[in-house]
Every structure is written in C-alpha cells, then in structure tokens.
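Using my numbering, the letters of the sequence shown correspond one by one to residues 295 to 623.
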Amino acid sequence: MRFTLASRAVIAGVAAALVLSACGGSDKSTDTAAAANAGGLEKTQIKIGALPIPDSAALYIANKRGFFKAEGLTVTIEPVPGGAQAQQSLIGGSLDATQTNYVSAFLAVAAGNKMKIISDLYQAAPNSFNLMVPKDSSIKTPADLKGKKIAVNSLKNIGTLAVTSVLKTHGLTENDVQFMEFPFPEMGAQLASKVVDAAWMTEPALTAVQKNLGAQKLADTMVDSTADFPIAGVIVMENFATENPKTVAAFQRAIARAQQISATDRKAVEEILPTYTKIDAATAAVITLGSFPTSLDETRLQRVADLMVEQGYLKSAIQAKTLLPGNLG
C-alpha cells in the first residue's frame, strides 16, 4: 500500500506541490497565493536539525529556492553532528524536527518516544554504502572478515544492520566480527593505520578513500534484503504533528517540491552540496548518490522495522504506519 501523506488535505497539498515542482522553480504568483493562505499556520518558524551529508539536500534546496517561504514558513536548518544528538535535541524541545535515519527512528519509538515521520529524504542505491578495505588487504570476500575489525559510524544502527545482512549471505554472523565506532571522516585514517580491517562507508568518504588511499570495494551492503533500502527522513514528535497539522502540511508541500527536484535533477543536488557540506564541486560531480523518494511509502518503511526484528534490534514488531501522520499509537 502506498501512503503519500496522512489526511486528504495533506495528500492534496503534496499533489499540488509535485505539480508545481515539475514546472520548475518558484513562481511569483504561486508563491504569493501560497503565502496568502499561510495565515492559518499554527507555527510559522521551524528549527530543523540536519546532517551535512547528501541525504538532506532537499531541505537546503527548499530553503534556497524559497519553497518554505512560499508556504509562510521560516525554516532554520541547524547543522548537527549525528542523528543521536539530533534526536535528543528533538525530544528535549530545542528542535522542532530533524533529519534521521530510519533505524534510529524505530529504535527511539521502541524506547517509548512518540514520533512521526513527515517526509522521506533518502534511499540507498547501488554502491552508495560500501564495505571498503585497504588496497593491499588480504580480505577478498566478506567471508574473509571472520575475526576482523569493521568500522561503522554508529553501533547497533543502520551500518551494523547492513553489514550484518551481507555477512549472513556469506555464512557469518555479527558475532564473527568486531564492530568499532568512528565518524565517517576518520575511517580512512583507521584503514590506513590498520586499526580496522574494513570500513562501512558512504559519500563523500567513499570517493575520498579511493582517491587518496587506493582503498578497494569489498562489497555493496545495499543488496538483497537491503536493496533500495530506505535510509533517512524527517521526524517530529507526535504532539508537534497533532498540535500543528497545518504547519506540518505546509512543510510537506515545500519539501515535496524540493524532493522532486532532487529526484530528477542531479545538477541541482551537485550545486547545493558544497553550500552545506565539505564536498567540493568537483567531488559532487562524481560521487555516487542514493535516490530521493517523492512519497512516504508504508510498505518500504516496514522493511526497515522487519529487518530490525529479524536481527534482534527490536524485541517486537513495530508497524510503520503508526509512525506516519494521521495514525496514532
């Protein structure tokens, strides 16, 4: 079942936003009309956390092109170092919304936090999340990782989930390796100094270690059970969504326009990346990007929760639809 947005009003808003985005950038008459209709927003200023990585491109495109402004919103994007810190800021109330990976979202809900996913942002594509090894490594297949050390950006999260899925297809379990936590920018140095034997990496770190260290791809971790895997979206606390439905709908319309651009115009993504990440223009032109979904899909998101149950990250099943606007519980 495809779930675009919660209520009929929201669905209509997103449909309109996608039509507008297909026509190109901001239109003055459209923007003026949207701004005129924004008087009923419960909250006009939003602070959202975002990591300086490609996943959040649509947030910056929406801000730069005035899509939020057209909806009567002033959106402040707050750079955050990691999803865990961002979630704590969201729970604590210093952020109204934040970008997060879906594994973190389901873990937070399992811990008793009531949250809602209000927009999809990023989905894995081939070779967008790879296991890398040094150029002179004796490790030739994932089966050779038994007893080895693997760098991931966070323990018991999307990286370990993806790597464990690959290990399983090669006869190994998570207990056959040692996961070690390092930020993506530090992984190249850990590989070079042989602190770890392999590293789970995404862009721009992937391109950097290949270019600077001659690191080699051992395996694409987004295959089989994790092929086209949902990676990241925007979450809010449930009470925020309940108390500010018009504000949430306005945000969704704006981000839908930007997400459509991200999905269909790689140049637009390449142009925005250097403005909020450490990715320069030359690197932005060659890195491997994931994809940018243009709707929230309940069935796709359920894949994340189901794999987490299978691998023991969740003690019991969570229905993805309960994290979508309009569904309580």
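Even for Gly, the Cβ is constructed at its ideal location relative to N, Cα and C.
As the structure is a prediction and not an experimental result, all values here were calculated from the model.
C-alpha of E532 to C-alpha of S431: approximately 48 Å in a straight line. Within the same chain, Cβ atoms closer than 7 Å to the Cβ of V403 are found at M409, I612, L617, the five residues on either side in sequence being excluded. Residue pairing of L583 in beta bridges, as defined by DSSP: absent, with no partner found. Three or more beta-carbon pairs separated by less than 8 Å are not found between the region 371-384 and the region 420-431, which leaves the two stretches without contact. Runs of the alpha helix (DSSP H) lying entirely within the region 443-509, each at least 4 residues long, are 452-463, 478-486, 499-507 in chain order. Runs of alpha helix (DSSP H) with 4 or more residues, each lying fully within the region 529-607, are found at 532-537, 539-558, 560-570, 575-578, 592-604, listed in chain order. The region 597-604 makes no contact with the region 375-394; the number of CB pairs closer than 8 Å stays below 3. The DSSP-derived three-state label of F423 is strand.
Annotation for V542: I412, A535 place their beta carbon closer than 6 Å to its own, counting only its chain and skipping 5 residues before and after. Annotation: the continuous alpha helix (DSSP H) that includes L384 extends over 377-386.
Contact between the region 543-558 and the region 584-593 is present: 3 or more CB-CB pairs across the two stretches fall below 8 Å.
Remark: fewer than three beta-carbon pairs, one from each stretch, lie closer than 8 Å, so the region 443-450 and the region 518-526 are not flagged as touching. Taking the Cβ atoms as the reference, P498 lies roughly 5 Å from I573, within the contact range of under 8 Å.
Taking C-beta atoms under 8 Å as the contact rule, L461 and P420 fail to qualify, at a distance of about 19 Å. A residue is called buried once 16 or more other Cβ atoms fall within 10 Å of its Cβ, and S350 is buried on that count.
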